[in-house]
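Take the sequence shown: its letters are residues 225 to 543, numbered as in our numbering.
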Amino acid sequence: MAAAYPYTGHIIDHAEISEEVCIGSGGFGVVYKASHKIFGDVAVKRIFKDLEISIRDRQILEDEAQKLTQIRSPYVVLLYGVVMHPCNYSLVLEYMCYGTLREYQLKYDVNWSTIEELVRHVILGIHYLHVTAKIVHRDVKIGNILVGKGPTAKVSDFGLSEWHEYSRMVSENCRASSESVTVGTTTHIPPECFMDINRKADTKFDVYSFGITIWEIVTKKRPYINAKPDVIPFAVINNQRPDENEIPHDCPVFLTNMMKECWNGDPKRRPTFKEMLDRITEKRHAVTVCDEVQVRCLNETTNYSFCFQSPKSHKIKEI
Ligand SMILES: Nc1ncnc2c1ncn2[C@@H]1O[C@H](COP(=O)(O)OP(=O)(O)OP(=O)(O)O)[C@@H](O)[C@H]1O
Ligand SMILES: [Mg+2]
225 MAAAYPYTGH IIDHAEISEE VCIGSGGFGV VYKASHKIFG DVAVKRIFKD LEISIRDRQI
285 LEDEAQKLTQ IRSPYVVLLY GVVMHPCNYS LVLEYMCYGT LREYQLKYDV NWSTIEELVR
345 HVILGIHYLH VTAKIVHRDV KIGNILVGKG PTAKVSDFGL SEWHEYSRMV SENCRASSES
405 VTVGTTTHIP PECFMDINRK ADTKFDVYSF GITIWEIVTK KRPYINAKPD VIPFAVINNQ
465 RPDENEIPHD CPVFLTNMMK ECWNGDPKRR PTFKEMLDRI TEKRHAVTVC DEVQVRCLNE
525 TTNYSFCFQS PKSHKIKEI
């Protein structure tokens with residue numbers, strides 16, 4: 225068996241993975257938490273099983289996986305490698321202890337400054353994919369943002385079009401999951417892709433999806449829950465978007481503005497992730513400067529009030 229499936233860095237021997245516990249399932253298979261001999265805790269996403277595939281197809285899947293294992297960013301979920309055994313075709317990923325951002329928000333009371341920080345991580349992650357890795361994600365949504373210690377948010381489930389395509393071609397009986405397979409999520413697809421069915425997803429596709437994702441984050445809801453799925457493309461082409469009345473009153477204006485700019489019907493008017501990054505960095509800098517000024521004022525005021533204490537009382541009156 226070892227000779228047939230040589231270890232080439234991105235191929236992982238399934239015998240090295242143990243203690244699998246099911247933690248969820250999605251469009252492409254069941255996800256397990258497991259332990260790897262070297263990597264420790266990992267998430268194993270079983271794509272399909274019990275299938276012999278041609279050498280050519282195997283090579284295509286391997287090449288794609290190998291390319292993705294090179295992608296390294298603190299804001300992108302790491303793909304350690306893939307298991308490619310006839311009874312087990314799986315992706316072995318970095319384990320993110322809090323699950324998706326949706327799951328994290330449902331479990332914990334997450335304040336706005338943490339939300340802003342997690343949004344910044346996502347911007348950094350997608351900016352890296354676009355600029356350094358030259359990849360369009362094509363499925364940006366709250367369920368593909370995972371949260372780990374820190375908390376730190378990372379983007380996952382990108383660039384696996386060959387795996388997804390193969391999974392789509394495999395008959396329902398052979399696939400590990402019985403759910404239907406779609407690339408991209410209807411609620412997050414921009415209008416220009418509904419208008420031109422042959423249009424290739426570009427970086428502005430991800431920007432639009434990110435706008436819908438910000439709405440999902442700030443409202444903690446799913447978009448268009450009252451609409452039938454086949455109505456969504458027409459409504460989106462006609463400039464309808466997720467319900468703004470659901471946005472909480474205390475949501476930072478900064479996030480609301482960014483969300484609306486991202487889901488602009490005209491892709492050219494949507495910001496790039498670099499522009500969003502610059503803006504969020506500027507905002508953080510402004511907050512830091514503001515904090516420093518406040519601390520300085522507080523110190524000065526404290527000294528000032530100290531001067532006016534009666535000589536008998538040396539107690540500092542803090543303001
Ligand atoms: N790397 C990971 N670390 C920890 N948990 C994960 C990881 N990847 C997925 N999960 C868990 O598995 C569940 C299913 O994830 P999956 O990505 O398969 O589903 P999905 O995002 O809903 O669908 P899809 O990505 O196929 O469109 C998630 O809800 C999450 O709880
Ligand atoms: Mg996913």
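Glycine included, every Cβ here is placed at the ideal spot set by N, Cα and C.
beta-carbon residue i near ligand 2 non-hydrogen atom, thresh 6 Å
| i | result |
| --- | --- |
| glycine 349 | no |
| aspartate 430 | no |
| aspartate 237 | no |
| aspartate 333 | no |
| glycine 264 | no |
| glycine 250 | yes |
Contact test: residue i Cβ vs ligand 1 heavy atom, cutoff 6 Å
| i | result |
| --- | --- |
| isoleucine 366 | no |
| asparagine 255 | Residue 255 is actually valine in this sequence, not asparagine. Yes, ligand 1 has a heavy atom inside 6 Å of this Cβ. |
| phenylalanine 382 | no |
| leucine 353 | no |
| glycine 323 | yes |
| alanine 267 | yes |
| tyrosine 299 | no |
| leucine 317 | yes |
| leucine 342 | no |
| isoleucine 369 | no |
| isoleucine 247 | yes |
| methionine 500 | no |
| methionine 320 | yes |
Pick from the options that is closest to residue i, judged by C-alpha positions
| i | options | result |
| --- | --- | --- |
| isoleucine 504 | Leu342, Val300, Asp474 | Leu342 |
| histidine 238 | Lys452, Asn481, His509, Leu315 | Leu315 |
| glycine 435 | Asn462, Thr480, His473, Ala425 | Thr480 |
| proline 453 | Ile236, Arg494, Thr410 | Thr410 |
| glutamate 288 | Gly383, Asn488, His260 | Gly383 |
| asparagine 368 | Met419, Asp281, Gly305, Ser249 | Ser249 |
| alanine 459 | Glu389, Glu416, Asn469 | Glu416 |
| phenylalanine 497 | Lys273, Val346, Gln290, Ile262 | Val346 |
| methionine 308 | Glu318, Asn462, Lys269 | Lys269 |
| aspartate 281 | Asp265, Cys486, His388 | His388 |
| threonine 437 | Lys492, Gln283, Ile413 | Ile413 |
| glutamate 240 | Ile262, Arg326, Phe478 | Ile262 |
| lysine 507 | Trp487, Val245, Pro457, Val477 | Val477 |
| lysine 444 | Lys424, Arg423, Asp467 | Asp467 |
| alanine 377 | Val442, Leu325, Val255 | Leu325 |
Residue burial classification, residue i (beta-carbon count within 10 angstroms, cutoff 16)
| i | result |
| --- | --- |
| leucine 330 | exposed |
| aspartate 381 | buried |
| isoleucine 449 | exposed |
| serine 433 | buried |
| isoleucine 236 | buried |
| glutamate 243 | exposed |
| histidine 361 | buried |
| arginine 494 | buried |
| arginine 465 | buried |
| proline 298 | exposed |
| alanine 510 | exposed |
| aspartate 425 | Looking at the sequence shown, residue 425 is not aspartate but alanine. Burial call: buried. |
| alanine 226 | Annotation note: pLDDT 38 at alanine 226 (below 50); position unreliable, no value reported. |
| glycine 264 | exposed |
| asparagine 488 | buried |
| isoleucine 339 | buried |
| histidine 473 | exposed |
| tyrosine 256 | buried |
Contacting residues, own chain, Cβ-Cβ under 8 Å from residue i (five flanking each side not counted)
| i | result |
| --- | --- |
| asparagine 335 | none |
| aspartate 502 | none |
| serine 534 | A caution first: serine 534 carries a pLDDT of 33, below 50, which makes its placement in the model unreliable, though a value can still be read off. Contacts found: none. |
| asparagine 397 | Low confidence applies to asparagine 397: its pLDDT is 47, below 50, so where it sits in the model is not reliable, and the reading given next is rough at best. Around asparagine 397: no qualifying Cβ. |
Chain-order list of residues whose beta-carbon lies under 7 Å from that of residue i (same chain, five-residue window excluded)
| i | result |
| --- | --- |
| glutamate 276 | Pro310 |
| isoleucine 359 | Leu353, Phe382, Gly383 |
| isoleucine 461 | Pro415, Phe418, Met419 |
| tyrosine 322 | Tyr328, Val371, Gly372, Pro375 |
| lysine 273 | Cys311, Asn312, Tyr313, Ala400 |
| methionine 500 | Ile347, Met482 |
| phenylalanine 429 | Val360, Arg362, Pro414, Cys417 |
| histidine 351 | Phe497, Lys498, Leu501 |
Contacts around residue i, its chain only, beta-carbon distance under 6 Å, and the 5 residues preceding and following it disregarded
| i | result |
| --- | --- |
| isoleucine 295 | Ala357 |
| phenylalanine 252 | Ile271, Ser391 |
| valine 306 | Ala289, Leu315 |
| valine 266 | Ala258, His260, Val316, Tyr319 |
| glutamate 440 | Ile366 |
| serine 337 | none |
| leucine 522 | Here the model assigns leucine 522 a pLDDT of 48, short of 50, so the residue's position is not dependable and the matter cannot be decided. |
| proline 457 | Phe418 |
| glutamate 485 | Pro495 |
Report the start-end ranges of each beta strand (DSSP E) in the stretch 329-401 that is 3 residues or longer and not cut off at the edges.
Counting whole runs of 3 or more residues, the stretch 329-401 contains the beta strand (DSSP E) stretches 369-372, 376-379.
Beta strand (DSSP E) runs contained entirely in the stretch 249-276, provided each spans 3 or more residues
Here the runs fully enclosed are 253-260, 264-272.
Please go through the stretch 301-330 and give each complete beta strand (DSSP E) segment of 3 or more residues, from N-terminal end onward.
Correct list: 303-309, 312-318.
Please specify which runs of the alpha helix (DSSP H), each continuous and at least 4 residues long, are wholly inside the stretch 447-504, giving them in chain order.
Whole alpha helix (DSSP H) segments, 4+ residues: 456-461, 477-486.
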